[in-house]
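Visitor: Numbering (UniProt numbering), first residue to last: 1 to 483. The following block contains the structure, expressed as structure tokens.
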Amino acid sequence: MSLEYLSIKDVQNGLQRRDFSCRELVDYYLAKINQQQDLNAYLTINQQVQEQATALDQKIAHGEIIKPLTGVPVAIKDIIVTADLKTTAGSLMLQNYIPPYDATLVTKIKQRDGLILGKVNCDEFAMGSSNENSAYGPVRNPHNTDYVPGGSSGGSAAAVAADLCVYSIGTDTGGSVRQPASFCGVVGVKPTYGRVSRYGLIAMTSSFDQAGPICRSVADAAYVLESIAGHDERDSTTTAKAVDLYSTKLSNEISGLRLVLPKQFLSAGLHPEVRQSLELAIKLYESMGVSVTEIDLPLLDKVLAIYYIIMPAEVSANLARFDGIRFGQTASAQSLWEGYKNTRAEGFGSEVKRRNLVGTYVLSAGYYDAYYKKALRAQRQLKIMMDQVWQRYDGLIGPTTPTSAFRLGEKTDDPLTMYLSDIYTVGANIIGVPAISLPIAWGANDLPIGLQLTTEPFSESKMFSLAWHLEQKLALNWQPKNI
Numbered sequence: 001m002s003l004e005y006l007s008i009k010d011v012q013n014g015l016q017r018r019d020f021s022c023r024e025l026v027d028y029y030l031a032k033i034n035q036q037q038d039l040n041a042y043l044t045i046n047q048q049v050q051e052q053a054t055a056l057d058q059k060i061a062h063g064e065i066i067k068p069l070t071g072v073p074v075a076i077k078d079i080i081v082t083a084d085l086k087t088t089a090g091s092l093m094l095q096n097y098i099p100p101y102d103a104t105l106v107t108k109i110k111q112r113d114g115l116i117l118g119k120v121n122c123d124e125f126a127m128g129s130s131n132e133n134s135a136y137g138p139v140r141n142p143h144n145t146d147y148v149p150g151g152s153s154g155g156s157a158a159a160v161a162a163d164l165c166v167y168s169i170g171t172d173t174g175g176s177v178r179q180p181a182s183f184c185g186v187v188g189v190k191p192t193y194g195r196v197s198r199y200g201l202i203a204m205t206s207s208f209d210q211a212g213p214i215c216r217s218v219a220d221a222a223y224v225l226e227s228i229a230g231h232d233e234r235d236s237t238t239t240a241k242a243v244d245l246y247s248t249k250l251s252n253e254i255s256g257l258r259l260v261l262p263k264q265f266l267s268a269g270l271h272p273e274v275r276q277s278l279e280l281a282i283k284l285y286e287s288m289g290v291s292v293t294e295i296d297l298p299l300l301d302k303v304l305a306i307y308y309i310i311m312p313a314e315v316s317a318n319l320a321r322f323d324g325i326r327f328g329q330t331a332s333a334q335s336l337w338e339g340y341k342n343t344r345a346e347g348f349g350s351e352v353k354r355r356n357l358v359g360t361y362v363l364s365a366g367y368y369d370a371y372y373k374k375a376l377r378a379q380r381q382l383k384i385m386m387d388q389v390w391q392r393y394d395g396l397i398g399p400t401t402p403t404s405a406f407r408l409g410e411k412t413d414d415p416l417t418m419y420l421s422d423i424y425t426v427g428a429n430i431i432g433v434p435a436i437s438l439p440i441a442w443g444a445n446d447l448p449i450g451l452q453l454t455t456e457p458f459s460e461s462k463m464f465s466l467a468w469h470l471e472q473k474l475a476l477n478w479q480p481k482n483i
């Protein structure tokens with residue numbers, strides 16, 4: 001049996017039928033990771049994973065029940081802590097950090113006998129939209145290696161697209177799961193805020209951060225989310241709401257559902273090929289009995305401004321701990337003040353420094369009221385507006401990104417243009433709702449184009465069902481053509 005591009009269900013069935021062993025599966029992926037080092041997707045390989053796979057084979061041979069994630073090889077974004085496995089956050093500040101504990105979601109994967117292949121590359125401290133901000137070099141898009149994979153979870157998306165794991169876990173603060181998923185032709189999910197524990201995520205923006213799965217199918221994403229979601233007493237922002245069995249409701253009827261296409265999603269910056277792909281998806285939904293109504297949602301024009309005030313403000317607070325004394329590499333210095341200065345100057349890259357400076361500025365005396373408090377008020381107004389939308393409609397439909405992937409180096413000298421890559425994704429983080437990106441078309445240069453669906457809080461079942469029906473209707477092969 002071929003081990004290429006297996007789904008989670010394929011792994012389950014293969015292990016049950018003894019078509020292959022966990023060790024054979026792990027060996028296949030480790031060999032493939034070694035062959036594809038030019039993608040720079042992985043930063044650290046789990047040196048114990050082969051031994052763990054062999055032990056799992058023995059458990060299965062003795063009648064151990066095969067659970068949804070049993071024996072499924074996974075890659076973890078390097079901003080999520082893993083016990084005894086280096087976690088750098090893509091930064092020199094943490095280049096030798098080996099955590100003594102697992103993030104809650106990692107614990108859940110291990111409890112379900114998942115096999116962690118290693119840690120994958122990301123923008124430094126999850127700050128970026130191209131995975132060019134990593135201290136360990138950029139990740140390349142498997143579909144065309146001259147192009148970026150997106151960010152900040154670029155290593156996660158590239159690894160899944162290139163079949164260097166079955167699925168991956170990324171984090172999403174303003175689109176960092178969905179945008180790279182769109183660029184790499186895979187499925188990326190940002191759950192409702194509080195659906196998945198943040199315990200063990202190195203914080204960027206605590207009020208926006210959420211971990212989510214990156215997979216090759218909607219069904220796989222549903223399997224993973226129902227496995228890692230749930231209340232955690234170590235994260236007070238997690239909800240006590242029961243976790244739905246999303247994977248059992250994928251085929252739920254969607255005829256009669258009502259979607260909104262905000263006029264703000266059809267801005268001048270939307271590339272014609274992306275717009276054309278969106279129009280095709282809308283026609284497919286309408287053929288399935290889903291109505292799509294174009295309406296004006298004026299506050300969506302303000303989402304980038306809101307995001308790029310609140311986000312850096314929280315960044316500056318969260319990263320204050322990395323001073324070489326409490327956390328982080330310690331630089332040589334002759335005094336305490338010089339130690340702080342040298343540690344942060346040497347340990348942080350340019351984008352992290354930029355966002356720290358902006359955040360410190362908007363929180364400073366004289367500017368707090370003018371910027372930060374206004375952004376919080378606008379955030380509340382946006383939530384009120386969207387609560388009214390949820391009363392009448394079932395979700396939003398739109399592009400995930402204004403364009404397909406761009407060339408490596410194309411936007412590194414223009415951060416404002418880079419930030420516009422997030423224009424359609426940040427809104428879901430600002431109001432804390434679930435969103436999914438799935439590939440819907442091929443653009444120029446063999447690059448995929450993604451569609452985003454956003455639904456009301458804790459309506460992941462509906463979101464998955466909408467995405468699954470479209471995926472089934474499209475029935476396209478998203479494997480990279482050049483690997």
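Note that CB positions come from ideal geometry on N, CA and C, so glycine has one too.
(1) What is the rounded straight-line gap between the Cα of Leu-30 and the Cα of Gln-379?
(2) Under the assumption that Phe-125 contacts Gly-150 (Cβ atoms under 8 Å), give the Cβ distance between them as a whole number of angstroms.
(3) Given 8 Å as the limit, is there contact between the segment 404-421 and the segment 455-468, that is, 3 or more CB pairs closer than that?
(4) Which first and last residues belong to the beta strand (DSSP E) in which Pro-448 is found?
(5) Who does Gln-264 pair with in a DSSP beta bridge?
(6) If you follow the alpha helix (DSSP H) that Gly-154 is part of, which residue opens it and which one closes it?
(7) Can we count His-469 as close to the ligand ADP, meaning its CB is less than 7 Å from some heavy atom?
(8) Can you list, in chain order, the stretches of the beta strand (DSSP E) that have 3 or more residues and sit fully within the segment 390-423?
(9) Judging by CA-CA distance, which residue of Ala-305, Asn-144, Thr-425 and Ile-79 is the nearest neighbour of Asn-482?
(10) Which residue comes first and which comes last in the alpha helix (DSSP H) that contains Gly-347?
(11) Which one of Val-148, Asp-146 and Val-160 has the shortest CA to CA distance from Lys-119?
(12) Can Cys-122 and Ala-157 be called in contact, C-beta distance under 8 Å?
(13) Using the C-alpha atoms, what's the distance from Val-72 back to Pro-298?
(14) Within 8 Å of any Cβ in chain D, is that where the Cβ of Lys-302 sits?
(15) Determine the burial state of Ile-214: buried for a count of at least 16 other Cβ atoms within 10 Å of its Cβ, exposed for fewer.
(16) How would you label Ala-313, buried or exposed, when you count the other beta carbons within 10 angstroms and need 16 or more for buried?
(17) Please report the distance separating the alpha-carbon of Leu-3 from that of Gln-48.
(18) Anyone know if the C-beta pair for Asp-146 and Arg-198 falls short of 8 Å?
(19) Work out the CA separation of Ser-335 and Ser-168 for me, nearest whole Å.
(20) Would you check if the segment 248-257 and the segment 292-308 touch, i.e. whether three or more CB-CB distances between them fall below 8 Å?
(21) Who are the Cβ neighbours of Pro-100 in its own chain at under 7 Å, not counting the five residues just before and after it?
(22) Quick check on Tyr-308: buried or exposed, where buried means 16 or more other Cβ atoms within 10 Å of its Cβ?
(23) Where Arg-178 and Met-418 are concerned, what is the direct C-alpha to C-alpha distance, given to the nearest angstrom?
(24) In whole angstroms, give me the CA-to-CA distance for Lys-190 and Ala-435.
(25) Report yes if the C-beta distance between Lys-77 and Ser-153 is below 8 Å; otherwise report no.
(26) Taking the beta carbon of Arg-216 as the centre, do at least 16 other beta carbons fall within 10 Å, making it buried, or is it exposed?
(27) Where does the unbroken beta strand (DSSP E) through Ile-45 begin, and where does it stop?
Guide: Looking at the coordinates:
(1) By 1-based counting over the sequence shown, the position of residue 30 is 30. By 1-based counting over the sequence shown, the position of residue 379 is 379. Annotation: Leu-30 to Gln-379 spans about 45 Å, alpha carbon to alpha carbon.
(2) For this step, residue 125 is matched to residue 125 along the sequence shown. For this step, residue 150 is matched to residue 150 along the sequence shown. In fact, because the Cβ distance is near 17 Å, the residues do not count as touching under 8 Å.
(3) Contact between the segment 404-421 and the segment 455-468 is absent, because fewer than three Cβ pairs lie under 8 Å.
(4) Residue mapping note: residue 448 aligns to position 448 of the sequence shown, counting from 1. Taken as a continuous stretch (DSSP letters only), the beta strand (DSSP E) holding Pro-448 covers 448-454.
(5) As a working note, residue 264 is residue 264 in the sequence shown. Beta-bridge pairing links Gln-264 to no other residue.
(6) Here the question's residue 154 lines up with position 154 in the sequence shown. It spans 154-161 - the alpha helix (DSSP H) in which Gly-154 sits, taken as one unbroken run.
(7) In the structure shown, the ligand ADP is absent, as is every other ligand, since no ligand is present at all.
(8) Listed in chain order, they are 395-399.
(9) The residue given as residue 482 occupies position 482 in the sequence shown. Proximity to Asn-482 across Ala-305, Asn-144, Thr-425 and Ile-79 peaks at Asn-144, based on C-alpha coordinates.
(10) Mapped onto the sequence shown, residue 347 falls at position 347. Run containing Gly-347: 336-347, per the alpha helix (DSSP H) assignment.
(11) As a working note, residue 119 is residue 119 in the sequence shown. Checked all of Val-148, Asp-146 and Val-160; the closest Cα to Lys-119 is Val-160.
(12) Along the sequence shown, read from residue 1 onward, the residue named residue 122 stands at position 122. Along the sequence shown, read from residue 1 onward, the residue named residue 157 stands at position 157. The Cβ atoms of Cys-122 and Ala-157 do not sit closer than 8 Å to each other.
(13) For the purposes of this step, residue 298 is identified with residue 298 of the sequence shown, where counting begins at 1. For the purposes of this step, residue 72 is identified with residue 72 of the sequence shown, where counting begins at 1. Computed Cα separation, rounded: 44 Å.
(14) In the displayed structure, chain D is absent; only one protein chain is listed.
(15) Indexing the sequence shown from 1 puts residue 214 at position 214. Per the 10 Å Cβ criterion, buried.
(16) Here residue 313 refers to the residue found at position 313 when the sequence shown is read from its first residue. Looking at its Cβ environment, which holds 16 or more other Cβ atoms inside 10 Å, Ala-313 is buried.
(17) Against the sequence shown, residue 3 aligns to sequence position 3. Against the sequence shown, residue 48 aligns to sequence position 48. For Leu-3 and Gln-48, the distance between alpha carbons rounds to 21 Å.
(18) The residue labelled residue 146 in the question sits at position 146 within the sequence shown. The residue labelled residue 198 in the question sits at position 198 within the sequence shown. With a cutoff of 8 Å on beta-carbon distance, Asp-146 and Arg-198 are scored as not near each other.
(19) Walking along the sequence shown from the start, residue 168 turns up at place 168. Walking along the sequence shown from the start, residue 335 turns up at place 335. The straight-line gap from Cα to Cα measures roughly 43 Å.
(20) The segment 292-308, when compared against the segment 248-257, does not touch it at the 8 Å Cβ threshold.
(21) Translated into the one-based positions of the sequence shown, residue 100 becomes position 100. Residues Ala-83 of the same chain have their beta carbon placed closer than 7 Å to that of Pro-100, with the five preceding and five following residues left out of the count.
(22) Your numbering for residue 308 matches position 308 in the sequence shown. By the Cβ-count criterion, Tyr-308 is buried, with 16 or more other Cβ atoms from all chains shown falling within 10 Å of its own Cβ.
(23) Taking the first residue of the sequence shown as position 1, residue 178 is located at position 178. Taking the first residue of the sequence shown as position 1, residue 418 is located at position 418. Taking the straight line joining both Cα atoms gives about 15 Å.
(24) Against the sequence shown, residue 190 aligns to sequence position 190. Against the sequence shown, residue 435 aligns to sequence position 435. Lys-190 and Ala-435: Cα-Cα distance of roughly 5 Å.
(25) Within the sequence shown, the letter at position 77 stands for residue 77. Within the sequence shown, the letter at position 153 stands for residue 153. Result yes, Cβ atoms of Lys-77 and Ser-153 sit closer than 8 Å.
(26) Numbered from 1 along the sequence shown, position 216 holds the residue referred to as residue 216. By the neighbour-count rule (16 or more Cβ atoms within 10 Å), Arg-216 is buried.
(27) As a first step, residue 45 must be located in the sequence shown, where it is residue number 45. For Ile-45, the uninterrupted beta strand (DSSP E) segment begins and ends at 42-45.
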